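Student:
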Amino acid sequence: MDHYLQVFVTVAEKKNFSRAAEELHMTQPAVSQYIRTFEDNFGVRLLERTNKYVRLNKAGEIVYHHAKQIVGLYTKMHHLVDDLANKASGTLSIGASYTFGEYIIPHIIAKMQSLYPSIQPTVTIGNTSDIAQLTLNHQLDVGIVEGHIKTEKDLCIEEFTDDYMSVVASPQHPLAIKHEVTIKDLEEQRWILREFGSGTREAAETVLKRFEISPTQIMSLGSTQPIKEAVEAGLGISLLSQWTIQKELRHGDLKILKLKGLPYVRKFSIVTTSSPFQTKALQVFLDLLKHDKSLTTLNDTEKE
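For the sequence shown, UniProt numbering assigns the number 1 to the initial residue and increments by one for each residue that follows.
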């Protein structure tokens, strides 16, 4: 790969010539010379420099956006060629939405590392649209997302497992002792939900609309863990993926409320680019993902 491109990307991300030089194992004057030559080739400045910062200007943002795609494609190409003669190894960049990324991916990676220690995974957690876009831009090798994805001709989207979502409350909550709750019961409660834009909030809005529930109060929190803490503390109820509450259910810290028509089922999808080539590292990860018995076991339990 053109070393000038790598130097530019590193400076843009580190926002500092000294830190970039350290990362690249180069001297600062050498990095500065690379950047000057790189800008001369474009005939325009790409970085704004002061004594306090280095940052991209408009032209630099365009070059950086495409440079990241080129770097991603080059890395993938290198691994594909290397795979012809070697076992699964090298870097694997994985993206996932919050529920899957925080509660499922660590277990998949642990299993993969025990079987293929030469694979070097990195994980990016974000909302569904961000993960899909990063995959499309070749900045991620694969994404695992929830909810709806805008169809792109260069993306391959494959549904691979179900996620069961239920309304939960503290065991001390008045509704927890009822054999089955009613719509009126749920309307009178404070609902503690994820922020707008998350797949979990999208699912909650769908459930509220489907059951024609109009909560008297909704509290929004930015991640699942504080929602669980708030529900355990008796602040309200929530709709959560049963993947995220396994420990709390086992320890008796949360209880699923029974409502006819629940659990709500949503799909998780694997997102990759439409390229006909996949590295061995990606193939290994996808095989483990699709055949993970823990996912099948949980789904079979919830169907009963």
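From the three backbone atoms N, C-alpha and C, an ideal C-beta is built for every residue, glycine too.
Source: prediction; values computed, not measured.
Taking 8 Å as the limit between beta carbons, can you name the residues of its chain near Asn41, skipping five residues before and five after?
Tutor: Within the sequence shown, residue 41 is the residue found at index 41, counting from 1. Excluding sequence neighbours, Asn41 sits near Tyr4.
Student: Helix, strand or coil: how does DSSP classify Thr128 here?
Tutor: Sequence index remark: in the sequence shown, residue 128 carries index 128 (1-based). In this structure, Thr128 counts as helix in the three-state DSSP scheme.
Student: Who does Val7 pair with in a DSSP beta bridge?
Tutor: By 1-based counting over the sequence shown, the position of residue 7 is 7. In DSSP, Val7 forms no bridge with anything.
Student: Just to confirm my understanding: we take Glu232, look at its own chain, exclude 5 residues before and 5 after, and list those with CB closer than 8 Å. What are they?
Tutor: What you label residue 232 is simply residue 232 of the sequence shown in a count that begins at 1. Counting only Cβ-Cβ distances below 8 Å, and skipping sequence neighbours, we find Ser170, Glu248, Asp253, Leu254.
Student: Which residue from Glu195, Glu187, Glu102 puts its Cα closest to that of Lys209?
Tutor: The count along the sequence shown starts at 1 and reaches residue 209 at position 209. Residue Glu187 is the option with its Cα nearest to Lys209.
Student: Ile119 and Ala281 - do their beta-carbons sit closer together than 7 Å?
Tutor: On the sequence shown, residue 281 is found 281 positions in, with the first residue counted as 1. On the sequence shown, residue 119 is found 119 positions in, with the first residue counted as 1. In contact: Ala281 and Ile119 (Cβ atoms closer than 7 Å).
Student: Would you list the one or two residues that DSSP bridges to Met219?
Tutor: Here residue 219 is taken as the residue at index 219 of the sequence shown, counted from 1. Looking at the DSSP assignment, Met219 forms a beta bridge with Ile192.
Student: In its own chain, which residues sit with a C-beta less than 8 Å from the C-beta of Ala132, not counting the 5 before and 5 after it?
Tutor: Stepping through the sequence shown from its first residue, residue 132 is reached at position 132. Excluding positions up to five away in sequence, the list reads Gly143, Val145, Ile149, Lys150, Glu152, Leu155, Val271.
Student: Just to check my reading of the structure: Asn137 and Lys68 have Cβ atoms closer than 8 Å, yes? What is that Cβ distance to the nearest angstrom?
Tutor: On the sequence shown, position 137 is the one that residue 137 refers to. On the sequence shown, position 68 is the one that residue 68 refers to. At roughly 7 Å, the Cβ-Cβ gap stays under 8 Å, so Asn137 and Lys68 are in contact.
Student: What is the residue span of the beta strand (DSSP E) that Ser241 lies within?
Tutor: Counting from one through the sequence shown, the residue named residue 241 turns up at place 241. First-last of the beta strand (DSSP E) with Ser241: 238–241.
Student: Here's the rule: buried if 16 or more other CB atoms are within 10 angstroms of the residue's CB, otherwise exposed. What is Met77?
Tutor: Residue numbering aside, residue 77 sits at position 77 when the sequence shown is read from its first letter. Exposed.
Student: According to the Cβ coordinates, are Arg194 and Gln217 closer than 7 Å?
Tutor: The sequence position of residue 194 within the sequence shown is 194, counting from 1. The sequence position of residue 217 within the sequence shown is 217, counting from 1. Taking 7 Å as the Cβ cut-off, Arg194 and Gln217 do not qualify as a contacting pair.
Student: According to DSSP, Thr273 sits in a beta bridge with which residue or residues?
Tutor: Along the sequence shown, one-based indexing puts residue 273 at 273. Its beta-bridge partners are Leu155.
Student: With C-beta atoms as the reference, is Ala88 less than 7 Å away from Tyr116?
Tutor: Taking the sequence shown and counting its residues from 1, the one referred to as residue 88 is at position 88. Taking the sequence shown and counting its residues from 1, the one referred to as residue 116 is at position 116. Yes, they are a contact pair.
Student: To the nearest angstrom, report how far apart Ser223 and Val44 are at their CA atoms.
Tutor: Within the sequence shown, the letter at position 223 stands for residue 223. Within the sequence shown, the letter at position 44 stands for residue 44. The alpha-carbon atoms of Ser223 and Val44 are separated by roughly 42 Å.
Student: Using CA atoms only, rank isn't needed, just tell me which of Phe196, Thr206, Phe160, Lys260 is closest to Leu288.
Tutor: Here residue 288 refers to the residue found at position 288 when the sequence shown is read from its first residue. Nearest C-alpha to Leu288: Phe160.
Student: Restricting to Cα atoms, I'd like to know which of Pro29, Met112, His291, Lys260 is closest to His179.
Tutor: As a working note, residue 179 is residue 179 in the sequence shown. Nearest C-alpha to His179: Lys260.
Student: Please determine, among Ala176, Gln172, Leu262, the residue with the shortest C-alpha to C-alpha distance to Ala203.
Tutor: Here residue 203 corresponds to residue number 203 of the sequence shown, with the count starting at 1. Taking only the C-alpha atoms, the option nearest Ala203 is Leu262.
Student: List the whole-angstrom C-beta distance separating Val123 from Ile108, where the pair is believed to meet the contact cut-off of C-beta under 8 Å.
Tutor: By 1-based counting over the sequence shown, the position of residue 123 is 123. By 1-based counting over the sequence shown, the position of residue 108 is 108. The pair is not a contact, with the Cβ atoms about 10 Å apart (cut-off 8 Å).
Student: Please classify Asp253: does DSSP put it in a helix, a strand, or coil?
Tutor: Counting from one through the sequence shown, the residue named residue 253 turns up at place 253. Three-state result, Asp253: coil.
Student: Can you tell which of Leu140, Lys111, Glu205 has its C-alpha closest to the C-alpha of Ile125?
Tutor: As a position in the sequence shown, residue 125 is number 125, starting the count at 1. For the residues Leu140, Lys111, Glu205, the minimum Cα distance to Ile125 belongs to Leu140.
Student: Of the choices Leu257, Asn57, Lys52, Thr91, whose alpha-carbon is the least far from that of Val71?
Tutor: In the sequence shown, counting from the first residue as 1, residue 71 sits at position 71. Taking only the C-alpha atoms, the option nearest Val71 is Thr91.
Student: Can you give me the C-alpha to C-alpha distance between Glu212 and Ala176, rounded to a whole angstrom?
Tutor: Looking up residue 212 in the sequence shown gives position 212. Looking up residue 176 in the sequence shown gives position 176. Cα to Cα, the separation comes out at about 21 Å.
Student: What is the DSSP secondary structure of Arg266, reduced to helix, strand or coil?
Tutor: In the sequence shown, the residue the question calls residue 266 occupies position 266. Strand, per DSSP.
Student: Here's a check: name, in chain order, each residue in its chain whose Cβ is nearer than 7 Å to the Cβ of Glu304, leaving out the five neighbours to either side.
Tutor: Taking the first residue of the sequence shown as position 1, residue 304 is located at position 304. Only weak support exists for where Glu304 lies, its pLDDT of 41 falling under 50; the value from the coordinates is given anyway. Within the same chain, Glu304 has no close Cβ partners at all.
Student: Who are the Cβ neighbours of Thr301 in its own chain at under 6 Å, not counting the five residues just before and after it?
Tutor: As a position in the sequence shown, residue 301 is number 301, starting the count at 1. Only weak support is given to the placement of Thr301: the predicted model assigns it a pLDDT of 48, under 50, and the question is left unresolved by the model.
Student: Return the first residue and the last residue of the beta strand (DSSP E) that Thr91 is part of.
Tutor: As a first step, residue 91 is located in the sequence shown; it is residue number 91 there, counting from the start. It spans 90–96 - the beta strand (DSSP E) in which Thr91 sits, taken as one unbroken run.
Student: For Ile183, count neighbouring Cβ atoms within 10 angstroms of its own Cβ and tell me buried if that reaches 16, exposed if not.
Tutor: What you label residue 183 is simply residue 183 of the sequence shown in a count that begins at 1. By the neighbour-count rule (16 or more Cβ atoms within 10 Å), Ile183 is not buried but exposed.
Student: How many angstroms separate the CA atom of Pro29 from the CA atom of Gly199?
Tutor: The residue you call residue 29 lines up with position 29 of the sequence shown. The residue you call residue 199 lines up with position 199 of the sequence shown. Going from the Cα of Pro29 to the Cα of Gly199 covers about 47 Å.
Student: Closest by CA to Leu221, which one among Leu240, Thr206, Ser214, Val207?
Tutor: The residue given as residue 221 occupies position 221 in the sequence shown. Minimum Cα distance to Leu221 is reached at Leu240.
Student: Looking at Thr10 and Leu24, is the spacing between their C-beta atoms short of 7 Å?
Tutor: Looking up residue 24 in the sequence shown gives position 24. Looking up residue 10 in the sequence shown gives position 10. Their beta carbons are under 7 Å apart, which means Leu24 touches Thr10 by this criterion.
Student: Could you check what DSSP says for Gln120 in three-state terms: helix, strand or coil?
Tutor: Residue mapping note: residue 120 aligns to position 120 of the sequence shown, counting from 1. Here Gln120 sits in strand by DSSP.
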